[in-house]
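A.B. asks:
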Amino acid sequence: MQFIVNIDWKDESEKILVPKDDVSQAIKLGIIAGRKEKIKRRRRLVLLSVAAALLLFATRTTPVLIQAGGIVPSIQQLLDHDSRQTPHFDPTMNELLGDPTKLNQYQTLDLPTKRITGLTIQVKGALTSAGVAAVVVDYTGAKISPTGLRQQRLELAVNGQPINDVEQNIQQVAIGHYRSILAFYVTGVDLKQSSQLAISIGHLNGSREKVSLPLVLLRFADVQTNEPNLTITSNKPSLTAKLIQIQQTTNSMVVRYQVSFDRTQFSKAELQQYYAAAWLSEATVYQNDQKVGELNLGVSGQQIKRETNGSITTLTYESVFSTHLSSGAELAKNQTIIFKLMLPGVANQRITVGQFKMNTNLLIDR
Amino acid sequence: MEDADLILAARAGDQEALSKLLIARQTKLYKTAYLYVHTQADALDVVQETSLRALLSIGKLRQPQYFDTWLIRILINVAQKVYRQQTNTIPFVPEITGDSTLTDLHADLMSDLAMIPENFRVVLILFYFNDLEVEEIARVLRIPAGTVRSRLTRGRKMLRERGAVYREYRLER
């Protein structure tokens, strides 16, 4: 016997059970994975740009080197499509250093070479943008071990202050010739002044040798300094925060901010947390109250000074942001940047202290 | 915030806005994926991969008003890929969920759909379960509307000729 059935497609569709929590989770995981993939793709693009910049730079400055077949293979091999050589290469750092149109950021260096155990080492050039710098170091010699070079212990210091995180990419230029790019964030310095970069390399080429290279003078071109003097006062916790200075170049800016609090108002445990960190990690850009994107963060909450005056402690920090939006758009006039200031709280919960609102006209007046 | 604003924000790089848009459509996304790949695990994979691809390509969405069409196209592409991997490995066995709310008719319908060749099945899914018009399906699949109509007709015919639903029940629409 056959039934006469009218399929109610809507009803049939409703019979499909939807595990909503799992679906939401899948969406979130997809977004997170997409974000990572985006960073990876940007990294590839920027590495390509770095290579293009180096090529243009080399073409302009050292054509002889190119004719000798020196720099071109190096540039090609600097492309690290699978991120195998530079698994932690920083996308914002790459973005800031990788724009081929900003060749004026390059400094050609003519520093003395260092010779040790058959290896010649020379710093060839430097790239800078507010809050970030990179140097190109060449290694030549008969017995270079690429693995040895990658495993070297790098110690960098700017004006005597050690740099904790150094990103490195090494590739072969020619037989017996390797080139590395060392990139790092620079905070706590007056960008209008030259800074001294000291480079020391331990376990050189896989050996037990350690070498200190001649000091490199880092110069930041066309630095503009603004002092917005924005203040927020928060009762929870009771403290005052100030956005005191922005040093910017074409592609990036170093945002200096202070957090002041009365030590007598807090427990020892709270004070320990507040001494440890204050993050200015989010810079959201709005135009006519519509969000247009976020500034790419380089590094956040680098403590550069601690002062005490009676019971008041003032901590000074810096964050580095790209002046390009994560969406790829450029920062424009008549926009508002909202910087969110956060402090560590209990159980890893961050406390939002408040927001600094700044008109972009302060940054873009040229 | 309205959908249109969220779409614009998402296109400008606001990942939270995109997340909101996707969550709001999660039922439809999951059901479409499930109808295509037949298992919960694969359907969740399809939704996850769709979210990833949506994030990567939202910046290229030129006409925000076609967000849903664009999104369902991504999902169909992902589902096709998963389905093709599936068919290279194990034969399809319809998944019956634990609380057994699926009726026999529903289970048969699911099995029947799984048997229909991919080109026809996707049109049936979009037409009957996603309530898309022929023109919209044409836009999603980037095929002429006439092709959609003929696939719809032939898909229905296949269901009738091969499917248990039509064998065991007499259907009218």
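First to last, the sequence lines map onto chains A and B. Every letter in the first sequence is one number past the one before it in the numbering used here, and letter 87, counting from 1, is 1355. Every letter in the second sequence is one number past the one before it in the numbering used here, and letter 112, counting from 1, is 148. Each residue gets a CB set at the ideal place from its N, CA and C atoms; glycine is no exception.
Per DSSP, TRP1547 (chain A) is paired with what?
C.D. replies: DSSP, once it has assigned bridges, lists A:MET1610 as partnering TRP1547 (chain A).
A.B. asks: So, with DSSP's three-state summary, where would you put PRO1355 (chain A)?
C.D. replies: Residue confidence is low: PRO1355 (chain A) scores 44 on pLDDT, short of 50, so the model does not pin down where it sits. Its coordinate-derived value is still stated next. Three-state DSSP puts PRO1355 (chain A) in coil, outside helix and strand.
A.B. asks: Across the region 80-91 of chain B and the region 165-173 of chain B, are there enough close Cβ pairs to call them in contact, namely three or more that are closer than 8 Å?
C.D. replies: No, the region 80-91 of chain B does not touch the region 165-173 of chain B.
A.B. asks: Of the residues A:GLN1429, A:LEU1424, A:HIS1445 and A:ILE1449, which one's Cα is nearest the Cα of GLN1436 (chain A)?
C.D. replies: The option with the nearest alpha carbon to GLN1436 (chain A) is A:ILE1449.
A.B. asks: State the Cα-Cα distance for the pair ASP1350 (chain A) and LEU145 (chain B), rounded to the nearest angstrom.
C.D. replies: Any reading at ASP1350 (chain A) is ruled out, since the residue's pLDDT is 42, under 50, leaving its predicted position unreliable.
A.B. asks: Which whole-angstrom value describes the C-beta separation of ILE1467 (chain A) and LYS1478 (chain A), a residue pair presumed to lie in contact below a C-beta threshold of 8 Å?
C.D. replies: Actually they are not in contact, since the Cβ atoms of ILE1467 (chain A) and LYS1478 (chain A) sit about 11 Å apart, beyond 8 Å.
A.B. asks: Tell me, please, whether the CB atom of ALA1551 (chain A) is closer than 9 Å to any CB atom in chain B?
C.D. replies: ALA1551 (chain A) does not count as touching chain B.
A.B. asks: Considering only residues of the region 1520-1604 of chain A, which uninterrupted beta strand (DSSP E) runs meet the minimum length of 3 residues and lie entirely inside it, listed in chain order?
C.D. replies: Runs of the beta strand (DSSP E) inside the region 1520-1604 of chain A: 1520-1530, 1547-1555, 1558-1577 and 1580-1593.
A.B. asks: From which residue to which residue does the alpha helix (DSSP H) around SER87 (chain B) run?
C.D. replies: Taken as a continuous stretch (DSSP letters only), the alpha helix (DSSP H) holding SER87 (chain B) covers 76-93.
A.B. asks: Evaluate MET151 (chain B) with the Cβ neighbour count: other Cβ atoms within 10 Å of its Cβ, from every protein chain shown; 16 or more gives buried, anything less gives exposed.
C.D. replies: Exposed, because fewer than 16 other Cβ atoms sit within 10 Å of the Cβ of MET151 (chain B).
A.B. asks: Starting from ASP62 (chain B), find everything on chain A with Cβ-Cβ shorter than 8 Å and list it in chain order.
C.D. replies: It should be pointed out that residue 62 (chain B) corresponds to Gln in this sequence rather than to Asp. Ordered by position in chain A, the residues that pass the 8 Å Cβ test against GLN62 (chain B) are VAL1286, LYS1288, VAL1291, SER1292 and ILE1295.
A.B. asks: Would you please state the rounded distance, in angstroms, between the beta carbons of ASP78 (chain B) and VAL118 (chain B)? I believe it to be under 8 Å.
C.D. replies: The pair is a contact, with the Cβ atoms about 5 Å apart (cut-off 8 Å).
A.B. asks: Could you tell me the distance, in whole angstroms, from the CA atom of VAL1621 (chain A) to the CA atom of VAL1391 (chain A)?
C.D. replies: Their backbone Cα atoms lie some 43 Å apart in a straight line.
A.B. asks: Give the range of the beta strand (DSSP E) segment to which SER1502 (chain A) is assigned.
C.D. replies: Looking at the DSSP string, the run of the beta strand (DSSP E) that includes SER1502 (chain A) is 1498-1503.
A.B. asks: Applying the criterion that 16 or more other CB atoms from any shown protein chain within 10 Å of the CB defines a buried residue, is ALA1544 (chain A) buried or exposed?
C.D. replies: By the 10 Å Cβ count, ALA1544 (chain A) comes out exposed.
A.B. asks: What separation, rounded to the nearest whole angstrom, lies between the Cα atoms of ASN1503 (chain A) and ALA1509 (chain A)?
C.D. replies: About 11 Å.
A.B. asks: Does the beta carbon of ALA45 (chain B) sit closer than 9 Å to a beta carbon anywhere in chain A?
C.D. replies: Judged by the 9 Å Cβ criterion, ALA45 (chain B) is in contact with chain A.
A.B. asks: Going along chain A in order, which residues have a C-beta closer than 7 Å to the C-beta of ILE59 (chain B)?
C.D. replies: Correct list: SER1292 and ILE1295.
A.B. asks: In whole angstroms, what separates the C-alpha of ASP39 (chain B) from that of GLY1561 (chain A)?
C.D. replies: Cα to Cα, the separation comes out at about 17 Å.
A.B. asks: Report all residues from its chain with a CB closer than 7 Å to the CB of GLN1557 (chain A); omit the five preceding and five following residues, and keep chain order.
C.D. replies: The identity of residue 1557 (chain A) in the sequence shown is Asp, whereas the question assumes Gln. Excluding positions up to five away in sequence, the list is empty.
A.B. asks: Rounding to the nearest angstrom, what Cα-Cα distance links GLN1513 (chain A) and LEU1424 (chain A) in this structure?
C.D. replies: When rounded, the distance between both Cα atoms is 26 Å.
A.B. asks: Please check the pair GLY95 (chain B) and SER1595 (chain A), which I expect to be a contact at CB under 8 Å, by giving their CB distance rounded to whole angstroms.
C.D. replies: About 7 Å separates the two Cβ atoms, so the contact holds.
A.B. asks: Measuring only between beta-carbons, confirm whether ALA1410 (chain A) sits less than 9 Å from chain B.
C.D. replies: No - not a single Cβ of chain B is within 9 Å of the one on ALA1410 (chain A).
A.B. asks: Say whether the region 1480-1494 of chain A touches the region 1454-1461 of chain A, bearing in mind that this needs 3 or more beta-carbon pairs closer than 8 Å, one atom from each stretch.
C.D. replies: These segments touch.
A.B. asks: Report the three-state DSSP secondary structure of LEU145 (chain B) (helix, strand or coil).
C.D. replies: Looking at LEU145 (chain B) - three-state DSSP - the assignment turns out to be helix.
A.B. asks: Looking only at DSSP bridge pairs, what is LYS1642 (chain A) linked to?
C.D. replies: Examination of residue 1642 (chain A) is not possible in this model, given that chain A is present from 1269 through 1634 alone.
A.B. asks: Given that a residue counts as buried once 16 or more other Cβ atoms are within 10 Å of its Cβ, and exposed if not, what is ASN1432 (chain A)?
C.D. replies: Burial call: exposed.
A.B. asks: Using a Cβ-Cβ cut-off of 9 Å, state whether GLY182 (chain B) counts as contacting chain A.
C.D. replies: So, not an interface residue.
A.B. asks: VAL176 (chain B) to VAL159 (chain B), Cα distance in whole Å?
C.D. replies: Taking the straight line from one Cα to the other gives about 10 Å.
A.B. asks: Just to confirm my understanding: we take HIS1592 (chain A), look at its own chain, exclude 5 residues before and 5 after, and list those with CB closer than 8 Å. What are they?
C.D. replies: Same-chain partners within the cutoff: GLU1363, ASN1519, LEU1563, ASN1564, GLU1598 and LEU1599.
A.B. asks: Kindly indicate which three-state DSSP category ILE179 (chain B) falls into: helix, strand or coil?
C.D. replies: In the structure shown, ILE179 (chain B) sits in coil (DSSP, three-state: anything other than H, G, I, E or B).
A.B. asks: Return yes when the Cβ of LEU1465 (chain A) is within less than 9 Å of the Cβ of VAL1426 (chain A), no when it is not.
C.D. replies: Yes.
A.B. asks: How many angstroms separate the CA atom of ILE179 (chain B) from the CA atom of HIS142 (chain B)?
C.D. replies: Distance between the alpha carbons of ILE179 (chain B) and HIS142 (chain B): 29 Å.
A.B. asks: To the nearest whole angstrom, what separates the beta carbons of ARG1303 (chain A) and LEU91 (chain B), a pair I think is in contact under 8 Å?
C.D. replies: Yes, ARG1303 (chain A) and LEU91 (chain B) are in contact; Cβ-Cβ is about 7 Å, under 8 Å.
A.B. asks: Between LEU1609 (chain A) and TYR1525 (chain A), which are expected to be in contact by the criterion C-beta below 8 Å, what is the C-beta distance as a whole number of angstroms?
C.D. replies: About 7 Å separates the two Cβ atoms, so the contact holds.
A.B. asks: Under DSSP, the beta strand (DSSP E) around GLU1495 (chain A) begins and ends at which residues?
C.D. replies: Counting along the chain, GLU1495 (chain A) falls outside any beta strand (DSSP E), and DSSP gives it neither H nor E.
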